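Colleague: Got a structure for you, questions after.
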Amino acid sequence: MRKRVEAVISARRQLSAGVEGKQATVLGIETSCDETAAAVVRLGANGAEILSDIVLSQVAAHAPYRGVVPEIAARAHVEGLDGAIRAAMHEAGLGFEDLDAVAATAGPGLIGGVMVGLVTAKAIALAHDKPLIAVNHLEGHALSPRLARPVTFPYLLLLVSGGHCQFIAVLGLGVYRRLGSTVDDALGEAYDKVAKLLDLGFPGGPAVEVRAKAGDPKRFDFPRPLRGRPGCDFSFAGLKTAVAREAAALGDLSDQDKADLCAGFQAAVLDVLSDRAERAMGAFDPLWGAQGRLVVAGGVAANQAVRARLEAVAAARGYDFIAPPPRYCTDNAAMIALAGAERILAGFRDNLDAPARARWPLDEAAAALRPTHKAGRKGAKA
Ligand code: KG4
Ligand code: ZN
Numbered sequence: 001m002r003k004r005v006e007a008v009i010s011a012r013r014q015l016s017a018g019v020e021g022k023q024a025t026v027l028g029i030e031t032s033c034d035e036t037a038a039a040v041v042r043l044g045a046n047g048a049e050i051l052s053d054i055v056l057s058q059v060a061a062h063a064p065y066r067g068v069v070p071e072i073a074a075r076a077h078v079e080g081l082d083g084a085i086r087a088a089m090h091e092a093g094l095g096f097e098d099l100d101a102v103a104a105t106a107g108p109g110l111i112g113g114v115m116v117g118l119v120t121a122k123a124i125a126l127a128h129d130k131p132l133i134a135v136n137h138l139e140g141h142a143l144s145p146r147l148a149r150p151v152t153f154p155y156l157l158l159l160v161s162g163g164h165c166q167f168i169a170v171l172g173l174g175v176y177r178r179l180g181s182t183v184d185d186a187l188g189e190a191y192d193k194v195a196k197l198l199d200l201g202f203p204g205g206p207a208v209e210v211r212a213k214a215g216d217p218k219r220f221d222f223p224r225p226l227r228g229r230p231g232c233d234f235s236f237a238g239l240k241t242a243v244a245r246e247a248a249a250l251g252d253l254s255d256q257d258k259a260d261l262c263a264g265f266q267a268a269v270l271d272v273l274s275d276r277a278e279r280a281m282g283a284f285d286p287l288w289g290a291q292g293r294l295v296v297a298g299g300v301a302a303n304q305a306v307r308a309r310l311e312a313v314a315a316a317r318g319y320d321f322i323a324p325p326p327r328y329c330t331d332n333a334a335m336i337a338l339a340g341a342e343r344i345l346a347g348f349r350d351n352l353d354a355p356a357r358a359r360w361p362l363d364e365a366a367a368a369l370r371p372t373h374k375a376g377r378k379g380a381k382a
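For the sequence shown, my numbering assigns the number 1 to the initial residue and increments by one for each residue that follows.
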């Protein structure tokens, strides 16, 4: 496999050598869940420059339902996207004629929202005669650390968000190998469900992180699912159920009970993440020897405790640890614009009939081989 992968990477390098010295300025659009986002990114020899970055959060619209309601999200994207794009172009000080391409998330995600963003991008591309790039949202997350600094391929990616939980070997632009994934819930989904059952409000992940700081992580002995097992898959459904069981046994929960439950839950999460990350680095090592880099991306990567534990595990194995600034961990359009810029510079472009996709695995072959291993369902977020 290594030879084939190296051949692909070398072909990609030749492609990018052909455009050396070139730069691309791309408008990115993100509407796959509950953020309406537009950004302009310029990618050149010195890396990425974020010219504008607009994110309209829909938190207030979904909060009464304690989760994302797809129909409300799609409608809010329709209402907010034009203004977000106008603001992004204005802040960048550019007109559509200055763009080299228009990029939009084409999946995976809530299909109504994805269609709103993709159709808008197609309209701009058609009206201004610009190439369209239909971006996989997961590729946006996978490349997001390159927004802050030029992280070179290959690297080992832990993608942990509300809908996804997987280890991916990022071997080059568009060359991804899934090494492991969740067999039930995504990690962000588990955070959101714990927050929901403890009535901590929406969105749940940051609330659980804050409560955990005030709690005793040893009061409850929660399970560490799959710890010590071969491979680098995840399972979080049992852990979430164990938290629910303890909460039900306690009955009326004091603030301290809630803090202790959050601390116990997060302690179990950290132990699972370090065990699984060690395994994933073990699977990545034989391919790439000493030049290891562990990158964490996606909404849960905004969690300081998660970042600190992964940094320690990476250091113990001699890996560099890289995490995007928290703002670029959660959904944003800068990562979509960057993916679009990388793709246009490498010679890719999409047709105007590119489909919106509710499901779109990054590593299609791995997904077809093990269909029971999911990206993670959209849980409380959806
Ligand atoms: O990447 P993202 O914005 O959307 C998806 O593509 O899913 O990730 C959102 C997820 C939510 O489940 C949210 O609760 C979680 O990331 N999250 C966190 C934190 N901030 C966001 N989870 C734990 N700790 C946090 N600080
Ligand atoms: Zn995301």
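Every residue, glycine too, gets a C-beta built ideally from N, C-alpha and C.
The model shown is predicted, which means the values in this text are computed figures rather than measured ones.
Whole angstroms are fine: how far does the CA of A280 sit from the CA of P286?
Modeller: Looking at the two C-alpha atoms, the distance is approximately 11 Å.
Colleague: In chain order, which beta strand (DSSP E) runs of at least 3 residues are fully inside the stretch 28 to 74?
Modeller: Here the runs fully enclosed are 35 to 44, 47 to 57.
Colleague: Within this structure, are the beta carbons of L132 and N351 separated by less than 9 Å?
Modeller: Yes, these two residues count as a Cβ contact at 9 Å.
Colleague: Can you find at least 3 beta carbon pairs, one from the stretch 117 to 134 and one from the stretch 24 to 35, that sit closer than 8 Å?
Modeller: Flag = yes, the stretch 117 to 134 and the stretch 24 to 35 touch.
Colleague: Examine the ligand ZN and report whether any of its heavy atoms sits within less than 8 Å of the Cβ of D331.
Modeller: It does: the Cβ of D331 is within 8 Å (strictly closer) of some heavy atom of the ligand ZN.
Colleague: Is G299 near the ligand ZN - that is, is its Cβ less than 8 Å away from at least one heavy atom of it?
Modeller: Checking every heavy atom of the ligand ZN against the Cβ of G299, one is found closer than 8 Å.
Colleague: Can you tell me the Cα-Cα spacing of A356 and A249, whole angstroms?
Modeller: Roughly 45 Å separates the two Cα atoms.
Colleague: Residue ranges of each alpha helix (DSSP H) run of no fewer than 4 residues wholly in the stretch 96 to 130, ordered along the chain?
Modeller: Within the stretch 96 to 130, the complete alpha helix (DSSP H) runs of at least 4 residues are 111 to 127.
Colleague: Using a threshold of 8 Å, is the CB atom of E209 nearer than that to any non-hydrogen atom of the ligand KG4?
Modeller: Yes, the beta carbon of E209 sits closer than 8 Å to at least one heavy atom of the ligand KG4.
Colleague: Could you check if R13 is buried or exposed, using at least 16 other CB atoms within 10 Å of its CB as the buried criterion?
Modeller: Unreliable positioning characterises R13 in this predicted model, as indicated by a pLDDT of 46, which lies under 50. A coordinate reading is not provided.
Colleague: Do you know whose CA, among V114, C232, D199, lies nearest D257's CA?
Modeller: Answer by Cα proximity: D199.
Colleague: Going by DSSP in three states, G204 sits in which element: helix, strand or coil?
Modeller: In the structure shown, G204 sits in a helix (DSSP, three-state: H, G or I).
Colleague: Going by the C-beta, is G162 closer than 8 Å to any heavy atom of the ligand HEM?
Modeller: By its list of ligands, the structure shown excludes the ligand HEM, since it contains just the ligand KG4 and the ligand ZN.
Colleague: I think A366 touches R227, with their Cβ atoms under 8 Å apart; what is that distance to the nearest whole Å?
Modeller: The pair is not a contact, with the Cβ atoms about 23 Å apart (cut-off 8 Å).
Colleague: Grab the span of the beta strand (DSSP E) containing V313 for me, first residue to last.
Modeller: V313 -> not in any beta strand (DSSP E); alpha helix (DSSP H) instead, spanning 304 to 316.
Colleague: Using C-beta distances below 8 Å, list every residue in its chain close to E364, excluding the 5 sequence neighbours before and after it, in chain order.
Modeller: Cβ neighbours of E364 beyond the five flanking positions: none.
Colleague: If you draw a straight line from the alpha carbon of A301 to that of A283, how long is it in whole angstroms?
Modeller: Distance between the alpha carbons of A301 and A283: 21 Å.
Colleague: I'd like to confirm something about S32: is its beta-carbon nearer than 8 Å to some heavy atom of the ligand ZN, or not?
Modeller: Because some heavy atom of the ligand ZN lies under 8 Å away, the Cβ of S32 counts as near it: yes.
Colleague: Pull up the distance between the alpha-carbon of L294 and that of S144, whole angstroms please.
Modeller: Roughly 13 Å separates the two Cα atoms.
Colleague: Quick one: what does DSSP say Y319 is sitting in, helix, strand or coil?
Modeller: In this structure, Y319 counts as coil in the three-state DSSP scheme.
Colleague: Hey, L239 and A190 are a contact pair by Cβ (cut 8 Å); roughly how many whole angstroms apart?
Modeller: The Cβ separation is near 7 Å, so the contact holds.
Colleague: Given this structure, state the Cα-to-Cα distance separating G180 from S235, to the nearest angstrom.
Modeller: About 11 Å.
Colleague: Where do the N-terminal and C-terminal ends of the beta strand (DSSP E) with A134 fall, by residue?
Modeller: That run of the beta strand (DSSP E) goes 132 to 136.
Colleague: From E209 to G264, what does the alpha carbon distance come to, in whole angstroms?
Modeller: Approximately 11 Å between the Cα atoms of the pair.
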